[in-house]
Every structure is written in structure tokens, then in C-alpha cells.
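Peer 1: There's a structure below that I have some questions on.
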Amino acid sequence: MRVLVGGGTGFIGTALTQLLKARGHEVTLVSRQPGPDCFTWDELARSGLPSCDAAVNLAGENILNPLRRWNEAFQKDVLSSRLETTQMLANAITKAPQPPKAWILVTGVAYYRPSLTAEYDEDSPGGDFDFFSNLVTKWEAAARLPGDSTRQVVVRSGVVLGRGGGAISHMLLPFRLGLGGPIGSGHQFFPWIHIRDLAGILTHALEANHVQGVLNGVAPASTTTNAEFAQALGTALGRPAFIPLPRTIVRAVFGQERAVMLLEGQKVVPRRTLATGYQYSFPELGAALKEIVA
């Protein structure tokens, strides 16, 4: 297949591109900078959708970038980087003389309300209680296409774990120094997924014609708490991991609204993802972390 990937130069996009090429597909990226096998967002706006069999959007400013203060300007960047690119691709698909067969958007489990007791699957309600849940609702709405000539899939991703990027890149140094530990109370759920499985779910959704609607992009080991994650990462590195990161510091660095994403969590299960027949490479946290830090 010829697959168009929006925001394909980042951590997830790189892993997805490698997997798609390994499986014999052609990949064209849409990014801000021109380059080989690369289309810019400006070109997309001007000339419409290049010929492709499927489109995926991964574009979006990193929400948990600790170097950006959580202020109105950054919130605007977070919103526009997601909504505008998604809207642009959805419009281009709608206007294409030969629309692609599949259109996939990656959003997040922030759609579901943080809870220490609730369990969420793809049919659970959400999307209406804070900045991030509202963002996911708007984002998924921006992707919706009229009619059913193109198969539509939304993957709500958990925290993506992988070598050389993602959430773990900020954690490794303190953990290697024996200064790692749970965030806040550590009781909050930690919905995670190995980068290879997120790329795998996206590829499965592109290739399997029966897959449509919402899929939760999380590992089946959904009962992991933040404290258990910290313990497992410490074990994988052969280091102690019991120094908690106090709530006050998390709030000071990330701001009240963003801190919620780290201090509170959701127990999310990939019920529909498993029902589509996807088989996980890393269903268990211990094996996933061993592979990453090896």
C-alpha cells in the first residue's frame, strides 16, 4: 500500500515507517520541512491529497515537554498542532477524486476520566471533563469523514514506551542514578504501550479491512500502577526505585492542569483491539522494559 503519514518524523512515526517499509508498503511523510519522500503541510493545503491507499495522522506538539511553560500560548500550540493537521487531512481526503481506503488518527486515553476504581474500554464514556479530554473529543470530531467510502479508525494511545524517545527518555537518567521512584502517591493507574505494539496496532488497522472505530492503544496489562511501573523500571535497570517525586514538584514543573496527566491515571483495557485479532509483542511490562533498556 501507499501510506501517507502526517507527523511521521517523530518517535511514533519513525517506528511506524520502519514497520510499514519492512512489510513492503510505500510511505510518504507530511511534515513541516520538505525532503525526499516528504510532502509539506503547505503543499497538502495547496495541491490536495497525493495519491495514496491509506492515511495516518500522528502530528501534535509534545504535551509533556518540560521545557514549555503551561500557558495560553502553549495550550494554543497543543490544540492547533492537532486539530488543524487533522482537519487538513480530513478535508483533503473528502475532496480527493480517489479517497484512500483507510484513515487512522492517534489520540489519547486522556479521553477517559482519571479514577482509582473505574475500568474503561473503547465504549466507555468520557471526553468532557477537562482540557485534555475535551481536546480528544474535538480532535476525533475533526477527523470524522462524511459517508463510508473510507474506513475510519481512532487509536487512543497510552504512554508510549520505547528506546530512544517517548516518556522513558526523561526517566532513564534519574532511575539509572538510583533516584527514580513513583510519581505522587504511585497508586494511580499507568496505561502504557510498547512503541512496537503501537506501530503494530496501526499497521494491523491499515491492513485488516474489518478494523474500524475506536481502539485503545494500551497493553493488556492494564492494572499496572505508577508505583509498579517505577519498581519494574528499577528492576530492569538493576537499581532501587523508591524515591517518590512529590506532587508539589510535578505541579511546579508542569502546571496544575498538565500535572493531572502524571498524578492521576486511568485503568484502560484494549477490549476491541484484542477482538480485532491483534497479537501483542509486549503484553507484559517486565519484558517491555527489559527490551527498552537492554
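Take the sequence shown: its letters are residues 9 to 302, numbered as in this note's numbering. Ideal Cβ positions, reconstructed from N, Cα and C, are used throughout, including at glycine.
1. What residue from 83, 163, 198 has the CA that sits closest to residue 232's CA?
2. Buried or exposed: where does residue 275 fall if 16 or more other Cβ atoms within 10 Å of its Cβ makes it buried?
3. If you run the structure through DSSP and keep just helix, strand and coil, what is residue 109?
4. Going along the chain, which residues of its own chain have a beta-carbon closer than 8 Å to the beta-carbon of residue 211, five neighbours each way excluded?
5. Based on the DSSP secondary-structure assignment, which residues constitute the bridge partners of residue 128?
6. In its own chain, which residues sit with a C-beta less than 8 Å from the C-beta of residue 86, not counting the 5 before and 5 after it?
7. In the structure shown, what three-state DSSP assignment does residue 159 receive?
8. Rounded to the nearest angstrom, what separates residue 188 and residue 84 at their Cα positions?
9. I'd like to know whether the C-beta atoms of residue 100 and residue 150 end up nearer to each other than 8 Å.
10. Let me confirm a value: residue 156 is counted as buried when at least 16 other C-beta atoms fall within 10 Å, else exposed. Which label applies?
11. Check whether the region 110–123 and the region 161–170 touch, using three or more Cβ-Cβ pairs below 8 Å as the test.
12. Please identify the residue among 33, 254, 253, 242 whose C-alpha is closest to the C-alpha of residue 180.
13. On the DSSP bridge assignment, give the partners of residue 89 in chain order.
14. Kindly indicate the opening and closing residues of the beta strand (DSSP E) around residue 242.
15. Between residue 200 and chain C, is the shortest Cβ-Cβ distance under 8 Å, so that the two count as touching?
16. Curious, which full-length alpha helix (DSSP H) runs of at least 4 residues does the region 12–57 contain?
17. Per the contact definition of three or more C-beta pairs closer than 8 Å, is the region 277–290 in contact with the region 199–206?
18. State the Cα-Cα distance for the pair residue 245 and residue 295, rounded to the nearest angstrom.
19. Grab the span of the beta strand (DSSP E) containing residue 227 for me, first residue to last.
20. Is residue 208 helix, strand or coil by DSSP?
21. Among 64, 60, 59, 48, which residue has its Cα nearest to the Cα of residue 21?
22. Helix, strand or coil for residue 171? Go by DSSP, reduced to three states.
23. Could you pull the DSSP bridge partners for residue 79 from this structure?
24. If you draw a straight line from the alpha carbon of residue 54 to that of residue 95, how long is it in whole angstroms?
25. Residues in the same chain with beta-carbon distance under 6 Å from residue 34, minus the five sequence neighbours each way, listed in chain order, please.
Peer 2: The short version:
1. 198
2. Buried is the call here.
3. coil
4. 24, 27, 28, 31
5. 276
6. 68, 69, 71, 143
7. strand
8. 32 Å
9. no
10. exposed
11. Under the 8 Å Cβ criterion, the region 110–123 counts as touching the region 161–170, having at least three qualifying pairs.
12. 242
13. Assignment of beta-bridge partners to residue 89 by DSSP yields no partner.
14. Premise fails: residue 242 lies in the alpha helix (DSSP H), 234–245, not in any beta strand (DSSP E).
15. No chain C appears in this structure, which consists of one protein chain only.
16. 19–30, 49–55
17. yes
18. The straight-line gap separating the alpha-carbon atoms of residue 245 and residue 295 is approximately 12 Å.
19. Premise fails: residue 227 is in no beta strand (DSSP E) and is neither H nor E.
20. helix
21. 64
22. In the structure shown, residue 171 sits in coil (DSSP, three-state: anything other than H, G, I, E or B).
23. Under the DSSP definition of a beta bridge, residue 79 lacks any partner.
24. 14 Å
25. For residue 34, the CB contacts under 6 Å within the same chain, skipping 5 residues up- and downstream, are 10 in chain order.
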